[in-house]
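Below is one structure, written out as structure tokens, with a few remarks after it.
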Amino acid sequence: MKSYPRQLHIFFNALTYYTRFSAPKWVEYSAENQAESNRYLPWIGLLIGFYTALIYWLGTFIFPESIAVILSIAASIWMSGALHEDGLSDCIDGFGGGWEKQRILTIMKDSRLGSYGVIALLMALLLKYNALLNLQETVLIIITAHCLSRFFPLIIIYREHYTGLEEGSKAKGMTTRKMTRFDLAIAFLPAFLCLAFSPFAYISILIPLLALTLWLGAYFRTWIDGYTGDCLGCCQQLSELTIYIWFCLPWFIG
104 MKSYPRQLHI
114 FFNALTYYTR
124 FSAPKWVEYS
134 AENQAESNRY
144 LPWIGLLIGF
154 YTALIYWLGT
164 FIFPESIAVI
174 LSIAASIWMS
184 GALHEDGLSD
194 CIDGFGGGWE
204 KQRILTIMKD
214 SRLGSYGVIA
224 LLMALLLKYN
234 ALLNLQETVL
244 IIITAHCLSR
254 FFPLIIIYRE
264 HYTGLEEGSK
274 AKGMTTRKMT
284 RFDLAIAFLP
294 AFLCLAFSPF
304 AYISILIPLL
314 ALTLWLGAYF
324 RTWIDGYTGD
334 CLGCCQQLSE
344 LTIYIWFCLP
354 WFIG
């Protein structure tokens, strides 16, 4: 039987976890491969970004731009199985309704969606929709946003420790291993490529993204002594939203 490089196995472990895509039959699934697969999350974000940007671009030839934007957002949600959106709503529910660690973790683990989560999700989708309608380089920014927003949660994994409820946790296998600097270098490469092919001023987005990530890491640490998978999903969604809003500033759309 033909053997394949181990990194391919690790990549496809990440692909099948973070998206609805299937992998070739020869892929080996293991706890070790899964634990190392986070390094490829921004690469998967790049794929999702290209796909959703293509949906948007094609949609503008057929529909009004507003509909093309909705189709693009819907495509990204479908491709990821709403994994990150679910993390955002659960995270906001937990921190909105809980006042101590165990209560926050219990609420986040509850499959039912509360008022805080519903409002947060609706606000995030409305802000994405309106921000995307006002962008100048929409295709490029969509690709960059999906890639970059999946890098910064890895900084939280690198700096903090997992503190979620282990029983039945879907994210546990992805967070048992701390990120290394080598992992972060591999993860940042697609983000670097996106910024390299963007106008130089786009590099400025790294400032608010880093500030947001460090603040979220400190906030999670203060309240629950670390992070959970829902916290990472929340970080991804807020990072993606930050990118869209940042590029709506006057000096980008003036």
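If you count by our numbering, then the sequence shown holds residues 104 to 357, one letter each, in order. Each residue gets a CB set at the ideal place from its N, CA and C atoms; glycine is no exception.
Compare the C-alpha of N136 against each of P127, I180, A117 and S125 and name the closest.
A117
Alpha carbon to alpha carbon, how far is I165 from Y330? Give it in angstroms, no decimals.
43 Å
Strand pairing of Y261, partner residues [DSSP]:
Residue pairing by DSSP places Y261 in no beta bridge whatsoever.
For a test of the three-state rule: what should DSSP assign to Y305, helix, strand or coil?
helix
Alpha carbon of D333 to alpha carbon of D286, nearest angstrom:
21 Å
Around the C-beta of H112, are 16 or more other C-beta atoms found within 10 angstroms, so that it is buried, or is it exposed?
Label assigned to H112: buried.
Alpha carbon to alpha carbon, what distance is there between V242 and M104?
The predicted position of M104 is uncertain, since its pLDDT is 48 and thus under 50; a value taken from the coordinates is nonetheless stated next. About 42 Å.
C-alpha gap between I151 and L335, whole angstroms
18 Å
Please state if the CB of R253 and the CB of P145 are separated by a distance shorter than 8 Å.
yes
Under the three-state DSSP convention, the category Y330 falls into
strand
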